[in-house]
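Q:
Number of protein chains: 2
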Amino acid sequence: MITKQSSIGTPVAPPADLNNLLEPIKEELQIVEQWLVSNLVDDSPFIEELLQQVFKAGGKRIRPALCLLSAKATANPPGKLGRLQIILAVLTELIHTASLVHDDVIDSASLRRGQETVNRRWSEKLAVLIGDLLFAQASVCLSRLMNPVVVGIYGQVLGDLCAGEIRQMRQQFNTAMDFEAYIQKSVWKTASLFAAGTHAAPILNGSPDEHIIAMKEYGLNLGICFQIVDDLLDYTGSTEKLGKAAGSDLSQGLVTAPALFVLRRGGEAARKLEDIITTRQVATPQGIAEAISIIEANDGLTETVQLAREYAAKARQALTVLPSSPYRESLDGIVDWLLTRTN
Amino acid sequence: MITKQSSIGTPVAPPADLNNLLEPIKEELQIVEQWLVSNLVDDSPFIEELLQQVFKAGGKRIRPALCLLSAKATANPPGKLGRLQIILAVLTELIHTASLVHDDVIDSASLRRGQETVNRRWSEKLAVLIGDLLFAQASVCLSRLMNPVVVGIYGQVLGDLCAGEIRQMRQQFNTAMDFEAYIQKSVWKTASLFAAGTHAAPILNGSPDEHIIAMKEYGLNLGICFQIVDDLLDYTGSTEKLGKAAGSDLSQGLVTAPALFVLRRGGEAARKLEDIITTRQVATPQGIAEAISIIEANDGLTETVQLAREYAAKARQALTVLPSSPYRESLDGIVDWLLTRTN
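These protein sequence lines map, in sequence, to chains A and B.
Quick note: the first sequence uses my numbering, first residue 1, plus one each step.
Quick note: the second sequence uses my numbering, first residue 1001, plus one each step.
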């Protein structure tokens, strides 16, 4: 029986409540919801229906929240927020959702957060089209910002998302991957988009360079931490909350931090784990159970928690140059929330 | 036996040779080819290999050619061409190719121009990823132009491509479509991207407004004409050159100009054709042969030729405000070439 724990450990502060942290941007997040389902490409009701279907499943909207908090925390005075910042938050969630829809086609996934994926619910073909539609909506938003630097940042994000997906595809069942490559993949797949949002918000505000650089650092480190926690939750999270079985990534050949820590240390445990992965026994229920118990017994999970905390500390450190405000406090609190999240 | 003709009729001028028309931008088109296969998203050789595989099939590169000719024809003095115009030409072809790759997944197409499609050759999954990669490459190019107006034009193009594909999907086997909807769909699917390239080139040149407006008009009308000729070639082109059987669009339920002309006129022929389409007999070899012979016997093809010529004349008319140059001559000649093209 695989042991499951609901969090990755007790942080210094008590577990953060996400709703409280998002309170200072509650109204703006509601406007974001309206924009997400607005048809920006033509005047047909059908496209709006498609968007409503895609977004009705909800989600934490962590990326738009980070855009809005970054915008408010770096505004002069803090808390001021223009319409362009709402559009930035919307386009960031649109790109995230588009990439999820296409990733689910590429990975033949049938469940995401316990709900049927678009490809499963309708068809692979419609999922391709819906992903493209979401990217198109994001492009229309991006063009409305009228800011070439922000266009450059998001152009690179689209490239990073593809690079991450291609790299992940090519590294399946590869036990020789090093930590540098693992962190790089996490940047491409996740942190690049987190950083784009927190970085672009102060650019749109015309904030001082040190704030712009700090918010990019914050987003990048928070994004890497988010991906590490995601990879950890794949081992420790509840099947009910994640909508997938424990070790699901590894059983598909995705070697992430918990396994990498054990493989890197060498010795008998590493050799045994390597054997289970490279011979693809991990794809069987017995193989994955054995792999997980080797990883647990050899501190793979506790070392991963430590790694996540290192990036969390870097994210928190970046915030110190900002003036004190409720928005900076929420950005700080989100780091804690991230370390204690369970899905 | 279905009659096939190699061209849609003899234009006033002798058939144009595309190579001669492209002579003034020959060197620039070679630079475009190098850019198309350049990895702009990361430093891995794998992505470059993928791009080489996608682009080695070649193609007429008509969209980049139009960008470059529009740029040279509206430059001061005519013929001057900056690096940004090359990037514009590249991103226009990247978006075109990306949309073809995804359309082939959506339509489950296995052949394009007689060659295996990406989804057929590799897999649907890789085709999704390659399409996204091409869009990402285009976004990186777009951001390098540092021009918010051009970003807006291309953002709208992405929306138009999706709107066109969705509309086409929903109008399958629909005989009640009117000509306005048919032309609108042609704008979304084809003319919008043609116009984006010819329109953005003089914007990047800082040309006078009347030249900018004229080149948008040229691209839009040429694009509509291109789509009408495409729809006609589906009936009249050689199977060998097109890589698909005659009437292939109609057999899949795509009602285009040749059928619309017959349906619009009413009477016995229209009723018979409507019946074959709505009962989906067109999907059978016998049904499609009967549909084609009704369309031929009731002037569906000759009226479509006339429609294409009307848009060709509008495109040519738009050019008259430009100063005389070899580049304007080529833009004019491309209208002729388009009317006489056979694939």
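Where a beta carbon is used, it is the ideal one built from N, C-alpha and C, also for glycine.
When you compare the CB positions of B/I1086 and B/V1157, do they come within less than 8 angstroms of one another, or not?
A: Taking 8 angstroms as the cut-off, the Cβ atoms of B/I1086 and B/V1157 do not count as close.
Q: Is there at least one Cβ from chain A nearer than 8 angstroms to B/V1090's Cβ?
A: By this cut-off, B/V1090 is not an interface position.
Q: How would you write the range of the alpha helix (DSSP H) that A/I25 sits in, first residue to last?
A: Per DSSP, A/I25 belongs to no alpha helix (DSSP H) and is neither H nor E.
Q: How close, in whole Å, do the beta carbons of A/S251 and A/V229 come, if the pair is a contact with beta carbons under 8 angstroms?
A: In fact, because the Cβ distance is near 19 angstroms, the residues do not count as touching under 8 angstroms.
Q: Taking A/A195 as the reference, which of A/G300, A/F55, A/D160 and A/T175 has the closest Cα?
A: A/D160
Q: Would you mind giving the Cβ-Cβ distance between A/V32 and A/E48, rounded to the nearest angstrom? I have them listed as a contact below 8 angstroms.
A: 16 angstroms between Cβ atoms; not a contact.
Q: So B/V1321 contacts chain A; which residues on that side make the cut at Cβ distance below 8 angstroms?
A: Simply none; closest approach about 27 angstroms.
Q: Counting pairs of beta carbons, one from the region 1201-1220 of chain B and one from the region 1067-1084 of chain B, are three or more of them closer than 8 angstroms?
A: yes
Q: Note down, in chain order, all residues in the region 226-239 of chain A with a beta-carbon under 8 angstroms from any beta-carbon belonging to chain B.
A: none
Q: Quick one: give me the first and last residue of the alpha helix (DSSP H) that A/G164 is part of.
A: Looking at the DSSP string, the run of the alpha helix (DSSP H) that includes A/G164 is P148 to R170.
Q: If you count every other CB in all the chains shown that lies within 10 Å of the CB of A/T320, and 16 or more means buried, which is it?
A: exposed
Q: Write down the C-beta distance between B/Y1327 and B/L1260 rounded to the nearest angstrom, noting that I regard them as a contact closer than 8 angstroms.
A: Not really, about 35 angstroms apart at Cβ, beyond 8 angstroms.
Q: Under the three-state reduction of DSSP, which class applies to A/Q252: helix, strand or coil?
A: coil
Q: Would you kindly check if the distance between the Cβ of B/S1139 and the Cβ of A/G155 is under 8 angstroms?
A: yes
Q: Between which two residues does the alpha helix (DSSP H) containing B/L1319 stretch?
A: Careful: B/L1319 lies outside any alpha helix (DSSP H) and carries neither H nor E.
Q: From A/E296, A/K314, A/G333 and A/S143, pick the residue whose C-alpha is nearest to that of A/L88; which is it?
A: A/S143
Q: At least one CB of chain B closer than 8 angstroms to the CB of A/C162: is that the case?
A: The beta-carbon of A/C162 is placed less than 8 angstroms from the nearest beta-carbon of chain B.
Q: Please identify the residue among B/L1100, B/Q1172 and B/I1224 whose C-alpha is closest to the C-alpha of B/S1192.
A: B/I1224
Q: Which two residues bound the contiguous alpha helix (DSSP H) that contains A/G287?
A: P285 to A297
Q: Which value, in whole angstroms, describes the spacing of the CA atoms of A/G253 and A/V262?
A: Taking the CA atoms as reference points, A/G253 sits about 16 angstroms from A/V262.
Q: In angstroms with no decimal places, state the Cα-to-Cα distance between B/E1023 and B/D1104.
A: 32 angstroms
Q: Of all Cβ atoms in chain B, is any one closer than 8 angstroms to the Cβ of A/D178?
A: no
Q: Since B/E1165 meets chain A, which of its residues come closer than 7 angstroms, beta carbon to beta carbon?
A: L129
Q: Strictly by DSSP, which residues pair up with B/L1137?
A: Per the sequence presented here, residue 1137 of chain B reads as Gln, with Leu not at that position. Looking at the DSSP assignment, B/Q1137 forms no beta bridge with any residue, so it has no partner.
Q: Cβ atoms of A/L220 and A/V187: under 8 angstroms apart, would you say?
A: yes
Q: Identify the continuous alpha helix (DSSP H) that holds A/N344 and give its terminal residues.
A: Residue 344 of chain A is absent from the structure shown; chain A starts at 1 and stops at 343.
Q: Rank A/R83, A/L273, A/Y311 and A/S44 by C-alpha distance to the C-alpha of B/I1166 and give the top, closest one.
A: Nearest Cα to B/I1166 within the set A/R83, A/L273, A/Y311 and A/S44: A/S44.
Q: Among residues of its own chain, excluding the 5 on either side of A/F173, which ones have a beta-carbon nearer than 7 angstroms to its beta-carbon?
A: In its chain, beyond the 5 residues on either side, G253, I277, T278 and R280 have a beta carbon closer than 7 angstroms to the beta carbon of A/F173.
Q: Taking Cβ-Cβ distances shorter than 7 angstroms, what residues in chain B pair up with A/D392?
A: With chain A running from 1 to 343 in the structure shown, residue 392 of chain A is simply not present.
Q: Alpha carbons only, please: which of B/L1040, B/L1081 and B/S1123 is nearest the one belonging to B/S1207?
A: B/L1081
Q: Given that A/F173 touches chain C, what residues does it touch there, using C-beta distances under 9 angstroms?
A: Among the chains of the structure shown, chain C does not appear; the protein chains present are A and B.
Q: Run through chain B and tell me which residues come within less than 7 angstroms of A/Q30, C-beta to C-beta.
A: Residues of chain B passing the Cβ test: none, with the nearest at roughly 25 angstroms.
Q: Spell out whether any CB of chain B is found under 8 angstroms from the CB atom of A/Q38.
A: In the sequence under discussion, the amino acid at residue 38 of chain A is Ser, which differs from the Gln named in the question. Interface criterion not met: the Cβ of A/S38 is under 8 angstroms from no Cβ in chain B.
Q: Where does B/L1339 fall in DSSP's three states?
A: Three-state DSSP puts B/L1339 in a helix.
Q: Does any residue of chain B bring its CB to less than 8 angstroms from the CB of A/S139?
A: yes
Q: Where does A/R271 fall in DSSP's three states?
A: helix
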